[in-house]
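The sequence shown lines up with residues 228 to 406 when you count with the working numbering. What follows is a set of notes on a single structure, which appears directly below.
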Amino acid sequence: MSGVGFLRRVWLTRLSGPAAERPLLRQILQQRPARILELGLGTLERTERLLRIAAGLGPVHYVGLDPFEARSSVDPAGVTLKEAHRRLHGLGRVQLVPGNTDTALARTCNQLGMFDLVLISSCNDRQRLTRCWFFLQRLVRPGTVLMQEHVRDAGHFWQEVSHERLADLASQTILRRAG
């Protein structure tokens, strides 16, 4: 297995921290995604870890959508666009799209192509995320894995979003628009 030996794989998927990210690491090691889309980068630590591992398995094209400097005072902490470019440089082909997730996705979805792995951070505003489902449906193929971060009292965790659930959420978005 190029890039990740057995002991490193065990460490990453069973012992490394933060524990909540282990499902993402397992998914990357199992799937070896060549194209990754992330909605909401936050402070970038998770993104850097994941891209280092994915890049060790093969070439990676990463697209990250985030408000960057347009973050409001009530939004979770994050990085600037310039800092994100600096920190992610060299970890693959990186494309960063500034703006609110819904408008950035609507603006660029026809040019982005299909993805192998889609990560949806909990730092996304729920209302804005609701408007994203329709566009996300255009960016996935049958083998695409969607992972969404959820926050609960005990902490946060990642859960896979099935393609059926994505279709349901996208159709609810269309129905809301129709009135």
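Glycine included, each C-beta is placed from N, C-alpha and C at the ideal position.
- If the five residues before and after residue 319 are omitted, its C-beta is found closer than 8 Å to the C-beta atoms of 278, 281, 282, 286, 287, 288 and 289, all from its own chain and listed in chain order.
- Note on residue 315: 16 or more other CB atoms within 10 angstroms of its CB, so buried under the neighbour-count rule.
- Positions of the alpha helix (DSSP H) runs, each at least 4 residues long and wholly inside the segment 300-375, are given as 308-315, 328-339, 353-357 and 360-364 in order along the chain.
- The C-alpha of residue 252 lies about 14 Å from the C-alpha of residue 376.
- Going by beta carbons, residue 260 and residue 294 fall outside the 9 Å limit.
- In this chain, the beta strand (DSSP E) harbouring residue 265 covers 262-266.
- Counting along the chain, the unbroken alpha helix (DSSP H) around residue 252 starts and ends at 249-258.
- Note on geometry: alpha-carbon atoms of residue 341 and residue 301 lie some 32 Å from one another.
- Per DSSP, residue 291 is one residue of the beta strand (DSSP E) stretching across 288-293.
- Checking the DSSP bridge columns, you'll see residue 382 partnered with 379.
- In the DSSP annotation of this structure, the continuous segment of the alpha helix (DSSP H) that includes residue 281 starts and ends at 272-284.
- Shortest Cα-Cα distance from residue 335 to any of 264, 306, 297 and 269 involves 264.
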